[in-house]
Each structure stands twice: as structure tokens, then as C-alpha cells.
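Peer 1: Following this message is one structure expressed as C-alpha cells.
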Amino acid sequence: CISTSHQPCSPGCYGNASCDPRNVNCSRCEPISLELCMNLPYNSTSFPNYLGHHSQKESSVSWESSLFPALVQTNCYKYLMFFACTILVPKCDPVTQQKVPPCRSLCRSSKERCESVLGIVGLQWPEDTDCAQFPEEGQANTTCLLPDPDVDECSPSHFKCRSGRCVLASKRCNGHMDCDDDSDEEHCGCKERGLWECPGNKACIKHSMICDGFPDCSQLEDEKNCSVCNDNELECNNHECVHRTLWCDGRKHCSDSSDEWNCVSLSNSTPSVLMVYKTASEYQVCADEWNSQLSGLACRQMGLGVSAATVETVLDEPGQPGRRRWLHVHPDWSQRNSSALQGLLEKRGHSCHSRKKVALRCTKDECGRRPAARMVKR
Amino acid sequence: ILGGRTSRPGRWPWQCSLQSDPSGHICGCVLIGRKWALTVAHCFEGRESADVWKVVMGINNLDHPSPFMQTRYVKSIIVHSRYNRAVVDYDISVIELDSEIEVTSYVRPVCLPDRGQVPKPDTYCYITGWGHMGNRMPFKLQEGEVRIISLSQCQSYFDMKTITSRMLCAGYEAGTIDSCMGDSGGPLVCREGDGRWSLYGLTSWGSVCFSKVLGPGVYANVTHFTEWIERQIYLRTFNL
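Chains as they are written, first to last, in the numbering used here: chain A, 1 to 378; chain B, 1001 to 1240.
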């Protein structure tokens, strides 16, 4: 029902009526993604919910999704969070694609036990939760939800104290006693919380974040020792191993392309000498056969705009300390099937005839400037 | 934008509108190069295909096409692979336009911050967009000045959500000036000492902005993603 192509609605949505983008009642079951309500005995919902929200995103940032978890901490009613979830992300019947409401008794119990707690801090029970709108249990031709006696009263965003009370998971191990029995400050290591501890800053991260190519620990320990590559291989950012000779050849060999990252750079010296990292070594580029088109390409590849000037400078003298090797422009560079500079350069047996290496001055593209306000003579 | 004001045409030449038929404007976006724009990942939920989108630049009034308007179709969308819709983390995506824009006074890119360059708390920056104003949706682009808020202070406003290092908070406790529905993907820009404007945030999420629960807005922290953005552009440009 999301396009204008007049596709028929699903059977639960008014038979074969044409979809009208304005028809907000045309709802479908969708998986629950609201973090607060991920441990319900059902896993699909439909919108709008009983609070008038039109999506889970709207629910997640609503007043009620802050209110109920805060109220749960007061221990006012064991099944308050279950009730809250039945109105925030109502159960969707997979057959009829219709919402299943909470039973009136569940609504009333929640309101009776918790409304007064809200009153103490000057807040009101959500206006849209009139219990009369929900059916009585056992009422003919209707179904409604009641909590299972062993329903988990704390949402995944909460920690359950030994006393049974729910406190925010973020308050677990925060150095303050938040449970009435102080159980939130017991066993506070990452391991006890099912997480992995970064050796450096002792931060806890999920196990799924280890060796996933994204550093999460401050000293990157979660991305170390993730693979064992041979001597003739280098490690990709995602920890695959790729042969050194394939590194920076202008073609992707790591599945995340990291073998082709940072292949071209400029030295910090003046003038800025072009440096190319290829086959796991750093090279200068011989100025023989170099041209302005290649200068533009090099600057663009480094994200330094398209306008460039080439400066040629004398190669390091043989025998000098720190002498570097060089690359040559491939004779068929313009026909090569690579558009990245490193794929257009090659190692060659002969020397650099001009004895000059390439240095560049790149001019970054203009950005962040607003046109001046126009002046008008008055 | 709540509590903002109508902006002068051309004042924010990097602001663009991400549109899809038949709804028109869905999200904001920000031009960062001749062929590249940024927006947030959540704008593409359920609409991941590039074919259904177009990017409109150089306009102030959504209802009145301007002679300075440029429209480009979307060639590709790169959503961050770590985007998590449940907690709205890594909420960023790169848009590749089908052809380069013509840089004019009304259409020009903003700068990306250098790696590690973040605005200090209490710095004043600007947000812009065609999102909800609290009582109506505007036709004309709105702008608002917001204050950068530290992550720890921001976390105190959002007890139920984790504010991660991929997020940046800006606004006011009372929510007097804030971004709102429809501003998503639009820019939070700060003026640098040399007069240039840099993009530090992309409008991402916050409280229901016209409800009684207020607080600052939460933006995708562009500085965190600078390297990722540069790599995506590089890999696409050179077909790697």
C-alpha cells in the first residue's frame, strides 16, 4: 500500500479495496523494534497504536515511552510494563492483521495502582488510555491480552533487582545504589553483564563488535589479533588476508576494498612529493611521462579538488640515506582499466631518465562559503 | 524547525530537499560536493531504492520553484552498514547524484570538518529545514540558532536512550529552538574562524518536538564519520 500503483490491500485491510495513501487505517503486521518492548510474548505489531502514534519510531520518542519505564521503577504494579507495551506496540493478529487490545482489567489495574504515584510528582496518567475502550475478558467475539503470570516484568532496557523491582539498565553498575536491595551494584564486570571488556579503558562492548572492522575500544583492542596472515600477506580492515603484491594495484581484493585505501598521499615536505603505497612499500613517482591530467587525478583521489599544479623535483641521490624507490607511469595508462592512480603506475627495471620526481600543489574545492548579501542603494 | 525564522533565499546554499513522489519533500539533505550529498539513514527506511528519489537544490519556497533551482536524480544511496534503527545509531548515508551540480550562489557545497574537529559545548550553530514548526509545515526554509550541548549533559535529558559518540546534541533544555519532523537529514552548521561554514551534524532524532516533553535535538555527529564519508566517495568515484 505504499505506492500509487493501486495495488490491492492485503486481505486484512478492507478486502480488495484500492490503496489510498490517505487511508491510515490500512495497517499491516510488522516486527517489533521498540527496544522497550522486545521481550513480549508476541513479536509483531501494527499501527496506529492505542496512543495515536503512527509508527514505532514515533512511539520510541513519545512522552509515554519515557513515562512508563520511569514509572516501572516505582514498583507500583508488576504488569505495568506489559500493559504499557500492549498500548505502545499492540499485538498484531497475523491472520486478521488487526490489533489485539489489552483487557480492560489489565488497564484498570495499571491505572489504579500507578496513577496515584504519578500524582505525587504532579504528572498525569496518559490521556489516551481510557480503559473503557478496551474489552472485558471473556466478552463475546472479542479477544484481549492479559499477562502471563511468568511474563518478564522488566523490559530489556531494565535490570531486574533481586527484590523484583525494575531499574533502568543504564543505572546498573553506575556506582549508585538504585535497587532497594543494592543488587544493581553487584557483579559489575563486563563479563557478568554478558559483554566484553576493552583492556585499556575497561569499557564494555558487545561480543558482536569484536573484529567487525569498526574500532570500539579507545585503543582499538577489539580489532587486534583478529586474523593470522602469512608473511606475504597483509590484513584488510575487515581482517581478511590479501597478498602483498595485490595491495594498491587499482583493483579491489579485500571485500571491503580496504586494500585500495590510502594508496596515494603527499609528503609533509615542501614541495609536497607524491607518495604511492604499492605492493606494501612506499614509492615516489618518476616525472618521465607524467602529465597534468595525472596531476588532476592524483589531487582528486586525495579529496583535494581537481585543480593541480605539477612541480618536478630532483630524485634523491643514489647512496644517500633514506633513498626511496620510484614508480613509472604505465605506457598504456590511458587505456588501462583502472581509474585510480595506483593502477596506472608500475615498477620498471630501468632508471628514471629525467632524475626528477613528481611533487604536486593541489587546490581544494571551494566549500562552506555563502554568497555575500547584495547591497542595494537606498 | 521550532522557534526559528524564515531564512533569506541563498543563505544556506548547501541545504537540499530529498523528495519522492507523490509525497514531495521527505527529508532534508546537505550538499558536500558537486556530485555528493549527505542525509540520515532513517530517511530511507522502507524506500531504499535510489530510483524513487530526487534531490532539489537552490530553493527556498518548496511550493514555488525558483529560477535558481537545480534537480538531480539519485544514482546510488550508501547507508552506513552499522545503522541501527532501534536506537538510531550510525544514522548517516551518502547520496550519489546522477550528475554534477552547477555551483552557483544558490547551490554550493558546505565543508566537512577535519578528523577530530568537534564544536565545543556552548558554541552557537545553525540548523535549517522545511520540517514541522509546531503548528504547521512551512513552505519556506526555516533557520534556528542552537547551542551545542555536551554528550553527558545530553544523556541526562534522554534517560531511556543511549547517547553515543556517533551523536551530537544541540538546542535548549526548554526546547525553544529545535529541529522537528521533516528536518531529518538537514544540516547543523557552525561558522569557522575564517568565515567558512562546516557541517557538524545531520538532524536525526529527539523528543516529539511539539509535545510537552522537550529538550535538545540529537544530530548525527559528522566528525565521527568524516573518514567513512571520504572513503565512500573515493570507492564510488574510482569504481573500487
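For each residue, glycine too, the CB sits at the ideal point set by N, CA and C. Owing to the predicted nature of the structure, the values given are computational and were not obtained by experimental measurement.
#1: Using only the alpha-carbon positions, how far apart do E137/A and S62/A sit?
#2: Applying the criterion that 16 or more other CB atoms from any shown protein chain within 10 Å of the CB defines a buried residue, is G119/A buried or exposed?
#3: Taking 7 Å as the CB-CB limit, is P1216/B close to chain A?
#4: Taking Q301/A as part of the alpha helix (DSSP H), name the residues at either end of that continuous run.
#5: What residue from G1185/B, E1145/B, A1170/B, T1039/B has the CA that sits closest to L994/B's CA?
#6: Hey, out of G303/A, L345/A, S267/A, whose CA is closest to N291/A's CA?
#7: Specify the secondary structure class of E1096/B as computed by DSSP and reduced to three states.
#8: Classify K99/A: buried if its beta carbon has 16 or more other beta carbons within 10 angstroms, exposed otherwise.
#9: Hey, would you say the C-beta of S44/A is under 6 Å away from at least one heavy atom of the ligand ATP?
#10: Would you mind reading off the limits of the alpha helix (DSSP H) that contains R108/A?
#11: Does the beta carbon of C92/A come closer than 7 Å to any beta carbon on chain B?
#12: Under 8 Å, with one C-beta from each stretch per pair, do the stretch 183-202 of chain A and the stretch 210-227 of chain A reach the 3-pair mark?
#13: Would you say G368/A and V1222/B are within 7 Å of each other, going by their C-beta atoms?
#14: Let me check one thing: in DSSP terms, what residues is E1145/B bridge-paired to?
#15: Along the stretch 1088-1103 of chain B, what residues have a CB closer than 7 Å to any CB found in chain A?
#16: Determine, using beta carbons only, whether S1093/B and I1077/B come nearer to each other than 7 Å.
#17: If you measure from the beta carbon of A340/A to each beta carbon in chain B, is any gap under 7 Å?
#18: My guess is that G1134/B and L1002/B are in contact by the Cβ rule of under 8 Å, so how many angstroms apart are they, rounded?
#19: Chain A partners of E1230/B, CB-CB under 9 Å?
#20: Given that W261/A touches chain B, what residues does it touch there, using C-beta distances under 7 Å?
#21: If you measure between the beta carbons of A1037/B and C1027/B, is that distance less than 7 Å?
#22: Between C263/A and C362/A, how many whole angstroms is the CB-CB distance? I'm expecting something under 8 Å.
#23: Have a look at S33/A and R172/A and give me their C-alpha separation to the nearest angstrom.
#24: Using a C-beta cutoff of 7 Å, does S1105/B count as contacting chain A?
#25: When burial is assigned at 16 or more other CB atoms within 10 Å of the CB, is N1256/B buried or exposed?
#26: With H, G and I counted as helix, E and B as strand and the rest as coil, what does DSSP make of E1230/B?
#27: Check distances from the C-beta atoms of the stretch 1113-1141 of chain B to those of chain A and list, in chain order, the residues that come in under 8 Å.
#28: Between the alpha carbons of L297/A and H350/A, how many angstroms are there, rounded?
#29: Taking the C-alpha atoms as reference points, what is the distance between V89/A and T1203/B?
#30: Beta carbon of G1215/B, beta carbon of Y1157/B: below 7 Å?
#31: Taking the continuous beta strand (DSSP E) assigned at Y277/A, which residues delimit it?
Peer 2: Per the coordinate set shown:
#1: Within the first sequence, numbered from 1, the residue matching residue 137/A stands at position 137. Within the first sequence, numbered from 1, the residue matching residue 62/A stands at position 62. Distance between the alpha carbons of E137/A and S62/A is about 28 Å.
#2: Here residue 119/A corresponds to residue number 119 of the first sequence, with the count starting at 1. Exposed.
#3: Position 216 of the second sequence, counting from 1, holds the residue named residue 1216/B. So, not an interface residue.
#4: Residue 301/A sits at position 301 when you count from the first residue of the first sequence. Segment 292-301, the alpha helix (DSSP H) holding Q301/A.
#5: As shown, chain B starts at 1001 and ends at 1240. That puts residue 994/B outside it, with no answer to give.
#6: By 1-based counting over the first sequence, the position of residue 291/A is 291. Of the candidates G303/A, L345/A, S267/A, the one whose C-alpha sits nearest the C-alpha of N291/A is L345/A.
#7: Numbered from its first residue, the second sequence carries residue 1096/B at position 96. Three-state DSSP puts E1096/B in a strand.
#8: The residue labelled residue 99/A in the question sits at position 99 within the first sequence. Classification for K99/A: buried.
#9: Inclusion of the ligand ATP in the displayed structure is not the case, the ligand content being empty and no account of it being possible.
#10: For the purposes of this step, residue 108/A is taken as the residue at position 108 of the first sequence. R108/A -> alpha helix (DSSP H) spans 104-120.
#11: Stepping through the first sequence from its first residue, residue 92/A is reached at position 92. C92/A does not count as touching chain B.
#12: yes
#13: By 1-based counting over the first sequence, the position of residue 368/A is 368. By 1-based counting over the second sequence, the position of residue 1222/B is 222. No, they are not a contact pair.
#14: Here the question's residue 1145/B lines up with position 145 in the second sequence. Answer is Y1126/B.
#15: none
#16: Taking the second sequence and counting its residues from 1, one reaches residue 1093/B at position 93. Taking the second sequence and counting its residues from 1, one reaches residue 1077/B at position 77. Yes. Within cutoff.
#17: Within the first sequence, numbered from 1, the residue matching residue 340/A stands at position 340. So yes, A340/A belongs to the interface.
#18: Indexing the second sequence from 1 puts residue 1134/B at position 134. Indexing the second sequence from 1 puts residue 1002/B at position 2. Confirmed, Cβ separation roughly 5 Å.
#19: If you number the second sequence from 1, residue 1230/B lands on position 230. Per Cβ cutoff of 9 Å: G303.
#20: Along the first sequence, one-based indexing puts residue 261/A at 261. When 7 Å is used as the limit between beta carbons, W261/A is near these residues of chain B: R1231, in chain order.
#21: Locating residue 1037/B in the second sequence gives position 37, where the first residue counts as 1. Locating residue 1027/B in the second sequence gives position 27, where the first residue counts as 1. For A1037/B and C1027/B, no; Cβs fall outside 7 Å.
#22: Along the first sequence, one-based indexing puts residue 263/A at 263. Along the first sequence, one-based indexing puts residue 362/A at 362. With 8 Å as the limit, C263/A and C362/A do not qualify as a contact, their Cβ atoms being about 16 Å apart.
#23: On the first sequence, position 33 is the one that residue 33/A refers to. On the first sequence, position 172 is the one that residue 172/A refers to. When rounded, the distance between both Cα atoms is 23 Å.
#24: On the second sequence, position 105 is the one that residue 1105/B refers to. So yes, S1105/B belongs to the interface.
#25: Residue 1256/B is absent from the structure shown; chain B starts at 1001 and stops at 1240.
#26: Residue mapping note: residue 1230/B aligns to position 230 of the second sequence, counting from 1. If DSSP states are grouped into helix, strand and coil, E1230/B belongs with the helices.
#27: none
#28: The residue given as residue 297/A occupies position 297 in the first sequence. The residue given as residue 350/A occupies position 350 in the first sequence. Straight-line Cα distance between these residues: approximately 25 Å.
#29: Indexing the first sequence from 1 puts residue 89/A at position 89. Indexing the second sequence from 1 puts residue 1203/B at position 203. If you take the alpha carbons of V89/A and T1203/B, they lie about 25 Å apart.
#30: Counted from its first residue, the second sequence places residue 1215/B at position 215. Counted from its first residue, the second sequence places residue 1157/B at position 157. The answer is yes: Cβ separation under 7 Å.
#31: Translated into positions along the first sequence, residue 277/A becomes position 277. Y277/A -> beta strand (DSSP E) spans 274-278.
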